[in-house]
């Protein structure tokens, strides 16, 4: 059995043991600590065994894991099993592919959802600094100020020596005073909100439905995510591009604005650390679909390949996203890793599609699952797909 890649991971509010995101101080930091650093949903297996390249792990009835997710096992003999694994079967009877020999698995075996494997470089009262541990990336810093109930302020840094001390900020105060905004909730209260984070060793996407609580039907046509990102992936320069770490976010505290949000066309507020030359201040860029009208919202593209489903073959066509060299220079600088746009119209009008539904990939994406995320601002405007199988790089 092939060993499946484990670099791409995700978390959402419906997973067992996932933290609550709400309108309280510190809620984003608690979520980022869980997803990037610690993992979640720790449980003890009742038994496990290996047969012909497949490990089966039996859990108690309530200790369920989501199919296709990445777990990390510990305490098992043989020791080769104490690692990350992508599940081929979820629920309370887990299965994953392995090279371990046939036979029973012994020990006090624990299983949890695996974190991305980043580090928390610095912390302070309602503040935190995160960094990728992937040495193939520039390992820039993400500073999060989570001292306001309904949003956090975020900013990238070239280097940091403490939670409040750093050089090379992006964006600068002259560009966005105090940093960009990532939302938690439209109300300063403890009502849980919907969220989904997706990422790998070098980049992650923060998606939140801040205006709807967790009990709101996901198929409701008004529900959507605002999705922002931080990290490094997909640089296209053959000679390297160490300045391509990017961050996106809203420019003010209005939840309905789309600035910086993924999947909504040319909306700006995506800041790269510097231009490819390394000279000057941080620069703003656009994300553009590689097919259809690059400035149109994904799935609402009236100049693309017509309404979804296709009138001839009923197919859904998807395409890559590129980060442009600069805001007004549309030459692709990097691939927006793991994200696929829809060069069709009418995606939001399809009655059977719900948030997080998955479709099978084909062609170069054969064997992968692509998960739907509705996007918008002040209402649902379109949809994008995330590769939740990987790898992205």
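In full-length UniProt numbering, the protein residues as written are 1 to 393. Even for Gly, the Cβ is constructed at its ideal location relative to N, Cα and C.
Distance, residue j Cα to residue i Cα
i, j, result
"residue 310", "residue 318", "12 Å"
"residue 179", "residue 75", "43 Å"
"residue 291", "residue 268", "19 Å"
"residue 119", "residue 162", "14 Å"
"residue 12", "residue 62", "18 Å"
"residue 391", "residue 365", "10 Å"
"residue 136", "residue 148", "34 Å"
"residue 8", "residue 388", "6 Å"
"residue 185", "residue 228", "15 Å"
"residue 20", "residue 313", "42 Å"
"residue 358", "residue 67", "11 Å"
"residue 89", "residue 18", "20 Å"
"residue 230", "residue 138", "12 Å"
"residue 239", "residue 308", "39 Å"
"residue 174", "residue 151", "21 Å"
"residue 127", "residue 183", "15 Å"
"residue 413", "residue 40", "Outside the displayed span of the chain (1 to 393) sits residue 413, for which this structure offers no information."
"residue 304", "residue 327", "22 Å"
"residue 5", "residue 331", "31 Å"
"residue 170", "residue 47", "49 Å"
"residue 286", "residue 65", "37 Å"
Residue i, enclosing beta strand (DSSP E) - first and last residue
i, result
"residue 371", "369-376"
"residue 158", "151-162"
"residue 257", "First-last for residue 257: undefined, no H or E at that position."
"residue 86", "84-86"
"residue 275", "Residue 275 -> no beta strand (DSSP E), and no H or E assigned at all."
"residue 74", "70-74"
"residue 246", "246-248"
"residue 207", "203-213"
"residue 97", "93-97"
"residue 224", "Careful: residue 224 lies outside any beta strand (DSSP E) and carries neither H nor E."
"residue 359", "358-360"
"residue 284", "283-285"
Counted within 10 angstroms of its Cβ, other Cβ atoms place residue i as buried (16 or more) or exposed
i, result
"residue 233", "buried"
"residue 189", "exposed"
"residue 51", "exposed"
"residue 215", "exposed"
"residue 14", "exposed"
"residue 177", "exposed"
"residue 134", "buried"
Alpha helix (DSSP H) segment containing residue i, residue limits
i, result
"residue 30", "27-32"
Simplified DSSP assignment, three categories, for residue i
i, result
"residue 37", "helix"
"residue 80", "helix"
"residue 116", "coil"
"residue 347", "helix"
"residue 42", "strand"
"residue 57", "strand"
"residue 176", "coil"
"residue 129", "strand"
"residue 14", "coil"
"residue 312", "coil"
"residue 197", "strand"
"residue 231", "strand"
Checklist entry - Looking at C-beta atoms only, is the number of pairs between the segment 242-249 and the segment 261-279 that lie closer than 8 Å three or more? => result yes
Item to check | the segment 108-115 in contact with the segment 142-160 per 3-pair CB rule at 8 Å | outcome: no
Item to check | Segment contact, 8 Å Cβ cut-off, at least three pairs: the segment 56-63 with the segment 82-95 | outcome: yes
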